[in-house]
Amino acid sequence: MRKFNIRKVLDGLTAVSAVASASSAAQQQQAGNRETEIQETLQSEHFQLCKTVRHGFPYQPSALAFDPVQKILAIGTQTGALRLFGRPGVECYCQHDSGAAVIQLQFLINEGALVSALADDTLHLWNLRQKRPAILHSLKFNRERITFCHLPFQSKWLYVGTERGNIHIVNVESFTLSGYVIMWNKAIELSSKSHPGPVVHISDNPMDEGKLLIGFESGTVVLWDLKSKKADYRYTHDEAIHSVAWHHEGKQFICSHSDGTLTIWNVKSPTKPFQTITPHGKQLKDGKKPEPCKPILKVEYKTTRAGEPFIILSGGLSYDTVGRRPCLTVMHGKSTAVLEMDYSIVDFLTLCETPYPNDFQEPYAVVVLLEKDLVLIDLAQNGYPIFENPYPLTIHESPVTCCEYFADCPVDLIPALYSVGARQKRQGYSKKEWPISGGNWGVITQSYSEIIITGHADGSIKFWDASAITLQVLYKLKTAKVFEKSRNKDDRPNTDIVDEDPYAIQIISWCPESRMLCIAGVSAHVIIYRFSKQEVTTEVIPMLEVRLLYEINDVETPDGEQVPPVPTPGTGSNPQSIVPQSHPSTSSSSSDGLRDNVPCLKVKNSPLKQSPGYQIELVIQLVWVSGEPPQQITSLAINSAYGLVVFGNCNGIAMVDYLQKTVLLNLGTIELYGSNDPYRREPRSPRKTRQPSGAGLCDINEGMVVPEDRCKSPTSGSGSPNNSDDEQKMNNFIEKVKTKSRKFSKMVTNDIDVKDNSFSRSRSSSVTSIDKESREAISALHFCETFTRKADTSPSPCLWVGTTLGTVLVIVLNLPPGGEQRLLQPVIVSPSGTILRLKGAILRMAFLDTTGSLVPPAHETWREHHEDKDEKEKAKKRRPVSVSPSSSQEISENQYAVICSEKQAKVISLPSQNCIYKQNITETSFVLRGDIVSLSNSICLACFCANGHIMTFSLPSLRPLLDVYYLPLTNMRIARTFCFTDNGQALYLVSPTEIQRLTYSQETCENLQEMLGELFTLVETPEAPNRGFFKGLFGGGAQSLDREELFGESASGKASRSLAQHIPGPGGIEGVKGAASGVVGELARARLALDERGQKLGELEEKTAAMLYSADSFSKHAHEMMLKYKDKKWYQF
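In this text, residue positions in the sequence shown follow the numbering used here: the first is -17, and each later residue adds one.
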């Protein structure tokens, strides 16, 4: 075996470039002069990194609260996150620094503040009167664990129950502890020897604020008199208590227990419950107690003026209902409705017309917080329908497996997607307005539209309108409906490689201008979709099956005839494409009994009705080869102007003409190199039984024409018309589609590493391991119109291919004329011989013109497409291919190729192929995502590294502009979903249910404060219920309590300093100063100052009015005194 000398190869390449023509040399010189002329406008000050908004369902929710006056909903999570929801479009995300779970939330109703209690025994007071809420105060309990909190309406004293059974009282204004403490041993019976357990409930009597109801876990309930500091009544029950709720008149309360029972107690009858109910228990005939049920975790007792009260509860199902879904039970009079939920119930709240606990509650809806959903039930309508949820909380409906982000889309795109998506909406929702309607929208400063596309594990794709920091679902596409569903395991012999999610989406390629969509799925399938506003029924789904294999030695045809050798440069003078015969996959197993020529999924063979929206153009599937499944697809690209789609995996590349439904190219990765392969690899076949195979590209040199490899789908009709000689040549070649594969991962949601460990593999000329090299995958594909060879004088259509070993190869596309000829004449595909190399796997490629502007790929503009039976008519209607701006440039002008790999970026001048700029992005880590994006009328390269750094570089000079440590790669979900787009926007999936959006644009950061919605709005508190004449006369109404007199420092003294530690927060005016900047900040401060001034003026006005009243009454008294004693003598006094 001859020695491989890379230096000689490099010398040879240098010699070839030196022998370039004089015109080419002059062109390079001219290009060099132009390179210095490009004015780069982007500077470091144009960049700033900050989070904008978070969309989606709060991950792992744990707490729920509602402000009935402001109409704002708050949700806390197990990771310390806080999500606030107002009217649709008004959302806010906050985070507790500790990351401890939120166990309870309490609004200061209509005050613009919220108290959060955390599992690390801290209380936090949040200021919601600013666009980005901040913590005003924190209180850390040192010796006791917080279990329950209660803040009465219009009170500044917060009751805090602990695990030890004690109750402490916190002043929410100063966030300091009162000296008043209710100790557990004073609250329970003195004769009781056991500890009552943690405090699970605290509430004051609706009619008497001086009476506090305390529920202990063991089953004991105590009515505590705050003034006399002793227990009025004690109620004991055998079963543990989960929750307690008052009747609004304050004469009864209801408890829910661990045995599935509800006990209703009269306040003045502590000996036994007034009534015991087992909502889901089977009533036994002998008068015995019903069988015990599961615990009722929460109960609410809400009254109405016109009818029976509502008793609403979660849990309590009987134990024999195995497999039954979680339920919410609504008991109203004699009727009991059991509402099944899709997920476990975390918490629920009943929304009522009044915030006052001592008035008829008039419930109108129930908010149910589920483990993975938020449901609102309309209590006012029969059947209790749910409200249609306007928030974007269904991102995780099926786990997200990939996503793409597009900014500055065509203006007609969002209305088009919305119009077809509107037909998909479910019926049967409540007809009422969404009841969570607080807050105000921000000012929209962005004029461009944004679209996010998410691919999911069930094969669905969702299009989202993401314009102006909002998110709304537009349209949902189900890709799985093209395949036969397997009814049982025996029925699905082919999908067993990916049992869990055989339809999961891995890669999305979308052309917004033409609306062409292409997806690659985990079962090695590719589907091309065309957008249409008309409904069609497809009789036969167009389909191609491809065998992709890198072995090319011992080539044989299926019937044993020897295949003619590949034309060498000398014999390839006739550039006629060679088209093989149609080769449908008919066999399901090879000679040795192994599964062979079978796709992983079975396409439906019945007519498919396709609704308006995205409709199937073509299904392409890789097939099994000799008992091994096809390799997962690692890269994908579609071009609407050329009518081509290309995809690659770890063994090769395939290109398909989706207009003619034929395979144009089908090569192993090694074959792409030909004789230029620097790794000295010999194509090999690991099996003794050879698969049917076409000729490989053994020698690839500039000017060589390679026979075109094509196959015809059995369903695509007759082939292209050719003369008999051409047909004879076609018969000599068989479809060249093979692949050697490894097993798929069992479940795509388990963070598939689509790059097969290429993250950690850097390219080196010393790599000689055949096993490692054979895994060289196609990692990047880019259609463009550019210079393919050094001697080119004008740009032409081509495909740039990047691999995981850092190689870039260029394939030339010879397209027939547009119109009817495009459908009849074949596309000729040939290698250019151009090979470029970088360190690390290739991630992204783009092209700049001589002014430094981005050259977009050619595309067709969208038009309605009709499936005509008459092929000629259809061809006439087809417009000629639109070309990219580069084709209109003068011949002498050059371009710049921008190539980004995992380790470095290069800018290469074309056609000279000189590397004019190079930037080593990272040495110790690797780039996960790189995108060439536009910002402030210029272009830059944006990168996200595995070490958490976000970086941007100018183009073409690759000057570093931004380098910020943002987020380390903690799981593959972030790597799989992180993407940059134009205008300084980026996003990633921060949790399985949430999308985090961020910006790296200074301008967007400055405008963000205006764009964010306001949570707090000035709303008048409803009037208190009228006590009535007789109640006022005889004292039967609600009794108020001067809590300041009881809990203040003068009455109760100071609390022990070791009990809790006060921590001042960054909120208030200081928080506004820190969070806001520039004019927005000044406005915020001015508004806050005006609010405070207005409040002080209001207080002053009240004091002035009081003084006037006092002076007036004094004047009256003085006048009456004067009249009384006017005529009396001094001795009569």
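All C-beta atoms, glycine included, are put in the ideal place defined by N, C-alpha and C.
- Item | Length of the line joining the Cα atoms of A45 and L64 | Counting from 1 along the sequence shown, the entry for residue 45 is found at position 63. Counting from 1 along the sequence shown, the entry for residue 64 is found at position 82. Their Cα atoms are separated by approximately 9 Å.
- Hey, out of L66, T61, F39, whose CA is closest to I54's CA? As a first step, residue 54 must be located in the sequence shown, where it is residue number 72. The option with the nearest alpha carbon to I54 is L66.
- Based on the DSSP secondary-structure assignment, which residues constitute the bridge partners of A47? The residue given as residue 47 occupies position 65 in the sequence shown. Partner(s): A56.
- Message: So that I know if they touch, is there some Cβ in chain D lying closer than 9 Å to that of F198?
- Response: Of the chains in the structure shown, none is chain D; there is only one protein chain.
- Can you tell me whether DSSP reads V1054 as helix, strand or coil? As a working mapping, residue 1054 is identified with position 1072 in the sequence shown. Any reading at V1054 must be qualified, since the residue scores a pLDDT of 40, below 50, and its modelled position is unreliable; the value itself is stated next. Residue state, collapsed to three classes: helix.
- Task: Name the two residues that bound the continuous alpha helix (DSSP H) containing R955.
- Result: Counting from one through the sequence shown, the residue named residue 955 turns up at place 973. Where R955 is concerned, the enclosing alpha helix (DSSP H) stretches over 954 to 959.
- Task: Pick helix, strand or coil for N167, following the three-state DSSP scheme.
- Result: Position 185 of the sequence shown, counted from the start, is the residue given in the question as residue 167. In the structure shown, N167 sits in a helix (DSSP, three-state: H, G or I).
- Taking the alpha carbon of H230 as the point to measure from, which residue in E353, E273, F292 has its own alpha carbon closest? For the purposes of this step, residue 230 is taken as the residue at position 248 of the sequence shown. Closest by alpha carbon: F292.
- How many Å lie between A773 and L892 at the Cα? Here residue 773 is taken as the residue at index 791 of the sequence shown, counted from 1. Here residue 892 is taken as the residue at index 910 of the sequence shown, counted from 1. Using only the alpha carbons, I get a separation of about 10 Å.
- Query: Nearest to E842 by CA position, among A56, A448, F769, I620, is which residue?
  - Reply: On the sequence shown, residue 842 is found 860 positions in, with the first residue counted as 1. The shortest Cα separation from E842 among A56, A448, F769, I620 belongs to I620.
- Task: Please confirm if the segment 333 to 346 is in contact with the segment 29 to 42, defined as three or more CB-CB distances below 8 Å between the two stretches.
- Result: no
- With a threshold of 16 other CB atoms inside 10 Å of the CB of D483, please say whether the residue is buried or exposed. Working through the sequence shown from its first residue, we reach residue 483 at position 501. That one is buried.
- Evaluate N422 with the Cβ neighbour count: other Cβ atoms within 10 Å of its Cβ, from every protein chain shown; 16 or more gives buried, anything less gives exposed. Residue 422 sits at position 440 when you count from the first residue of the sequence shown. Label assigned to N422: exposed.
- Message: Is the beta carbon of L820 closer than 9 Å to that of G788?
- Response: Working through the sequence shown from its first residue, we reach residue 788 at position 806. Working through the sequence shown from its first residue, we reach residue 820 at position 838. Cβ atoms of G788 and L820: closer than 9 Å.
- Around the Cβ of I501, are there at least 16 other Cβ atoms within 10 angstroms (buried) or fewer (exposed)? Here residue 501 refers to the residue found at position 519 when the sequence shown is read from its first residue. Counting Cβ neighbours within 10 Å, I501 comes out buried, since at least 16 surround it.
- Task: Could you tell me the boundaries of the alpha helix (DSSP H) in which Y1118 lies?
- Result: Lying before the first or after the last residue shown, residue 1118 is absent from the chain, which here runs from -17 to 1115.
- Item | DSSP-derived helix/strand/coil call for R941 | Residue numbering aside, residue 941 sits at position 959 when the sequence shown is read from its first letter. DSSP places R941 in coil when its eight states are reduced to three.
- Query: Which runs of the beta strand (DSSP E) fall wholly inside the segment 191 to 225 and span at least 3 residues, in chain order?
  - Reply: 202 to 207, 212 to 218
- I think H219 touches P277, with their Cβ atoms under 8 Å apart; what is that distance to the nearest whole Å? Mapped onto the sequence shown, residue 219 falls at position 237. Mapped onto the sequence shown, residue 277 falls at position 295. About 14 Å; that fails the 8 Å criterion.
- Assess, as a yes-or-no matter, whether the segment 833 to 847 is touched by the segment 503 to 518 under the definition of 3 or more beta carbon pairs within less than 8 Å. yes
- Item | Among S1097, K460, G1047, Q1043, nearest to T158 - alpha-carbon criterion | On the sequence shown, position 176 is the one that residue 158 refers to. Cα-wise, what sits closest to T158 is Q1043.
- Between which two residues does the alpha helix (DSSP H) containing Y655 stretch? Position 673 of the sequence shown, counted from the first residue, corresponds to residue 655. That run of the alpha helix (DSSP H) goes 651 to 655.
- Task: Please list, in chain order, all residues of the same chain as T786 whose beta carbon is under 6 Å from its beta carbon, the five residues on each side excluded.
- Result: Reading the sequence shown from its first residue, position 804 is the one you call residue 786. Taken in chain order, the residues that qualify are S740, E758, A759, S761, A823.
- Item | Closer than 8 Å: V182 CB and nearest the ligand ATP heavy atom | Absence of the ligand ATP is noted for the structure shown, with no ligands found whatsoever.
- Do the CB positions of P345 and L356 come within less than 9 Å of each other? Mapped onto the sequence shown, residue 345 falls at position 363. Mapped onto the sequence shown, residue 356 falls at position 374. It is not a contact, given that the beta carbons lie outside the stated cut-off.
- With DSSP collapsed to three states, give me the class of E1102. Reading the sequence shown from its first residue, position 1120 is the one you call residue 1102. Here E1102 sits in helix by DSSP.
- Task: Have a look at Q597 and K444 and give me their C-alpha separation to the nearest angstrom.
- Result: Counted from its first residue, the sequence shown places residue 597 at position 615. Counted from its first residue, the sequence shown places residue 444 at position 462. Cα to Cα, Q597 sits roughly 15 Å from K444.
- If you draw a straight line from the C-alpha of G625 to the C-alpha of Q52, how long is it? As a working mapping, residue 625 is identified with position 643 in the sequence shown. As a working mapping, residue 52 is identified with position 70 in the sequence shown. Taking the straight line joining both Cα atoms gives about 55 Å.
- C-alpha gap between Y75 and A116, whole angstroms: Your numbering for residue 75 matches position 93 in the sequence shown. Your numbering for residue 116 matches position 134 in the sequence shown. C-alpha separation (whole angstroms): 11 Å.
- Anyone know if the C-beta pair for A928 and V915 falls short of 9 Å? The sequence position of residue 928 within the sequence shown is 946, counting from 1. The sequence position of residue 915 within the sequence shown is 933, counting from 1. No.
- How do the segment 970 to 986 and the segment 394 to 410 stand: do at least 3 beta-carbon pairs fall below 8 Å, yes or no? no
- Task: Specify whether the segment 380 to 387 and the segment 489 to 500 touch according to this definition: at least 3 beta carbon pairs, one from each stretch, less than 8 Å apart.
- Result: yes
- Query: With burial defined as no fewer than 16 other Cβ atoms inside 10 Å of the residue's Cβ, what is the status of A4: buried or exposed?
  - Reply: Residue mapping note: residue 4 aligns to position 22 of the sequence shown, counting from 1. Confidence is the limiting factor: at A4 the pLDDT is only 35, short of 50, which leaves the residue's position unreliable and the question unanswerable from this model.
- Query: Whose C-beta lies closer than 7 Å to the C-beta of P1007 among residues of the same chain, with five residues either side of it excluded?
  - Reply: Numbered from 1 along the sequence shown, position 1025 holds the residue referred to as residue 1007. Excluding sequence neighbours, P1007 sits near Y338, N340, D341.
- Query: Can you name the residues that DSSP bridges to L118?
  - Reply: Along the sequence shown, read from residue 1 onward, the residue named residue 118 stands at position 136. BP columns for L118 are empty, so no partner.
- Quick one: what does DSSP say L990 is sitting in, helix, strand or coil? Locating residue 990 in the sequence shown gives position 1008, counting from the first residue. In this structure, L990 counts as helix in the three-state DSSP scheme.
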